[in-house]
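Here's the structure we're looking at; comments come further down.
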Amino acid sequence: MRDPKNYLRLQCLPADEAIACYLAGDFTMGEEFALAEAIQKGLSLPMTKADVEAILLDCLDDEMTAEECRSTLIAGRLK
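All residue numbers for the sequence shown refer to my numbering, where the first residue is 2 and numbers rise by one.
Right, here's the structure in full:
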């Protein structure tokens with residue numbers, strides 16, 4: 002079960018911290034949505050949270066750094 006306080010904390014992270022947190026796996030099941038929201042809001046991304054999550058998963062698969070992932074998110078590149 003996710004911790005509501007931690008979920009809110011993750012939602013409020015700056016985008017760069019949220020990306021690093023996602024790539025490091027520093028969240029529990031269900032909290033990835035909070036990180037996607039923080040990233041989407043922080044980078045003003047014109048895409049859905051589902052697209053943000055898809056790109057984050059691609060970044061994980063490709064073992065990207067947080068900076069590489071940030072650039073990929075900004076470019077809006079999906080595989």
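For glycine and all other residues, C-beta sits at the position ideal for the given N, C-alpha and C.
Between LEU9 and TYR23, the beta carbon gap of about 16 Å keeps them out of contact (Cβ cut-off 8 Å).
In the assembly as shown, LEU74 is a buried residue. Its beta-carbon has 16 or more other beta-carbons within 10 Å. Excluding five sequence positions before and after GLU54, the CB atoms of its chain that fall closer than 7 Å to its own CB belong to GLU33 and ALA37, given in chain order. ALA19 sits close to LEU11, with the two beta carbons spaced by under 9 Å.
In the structure shown, PHE28 falls within a coil segment according to DSSP collapsed to helix, strand and coil.
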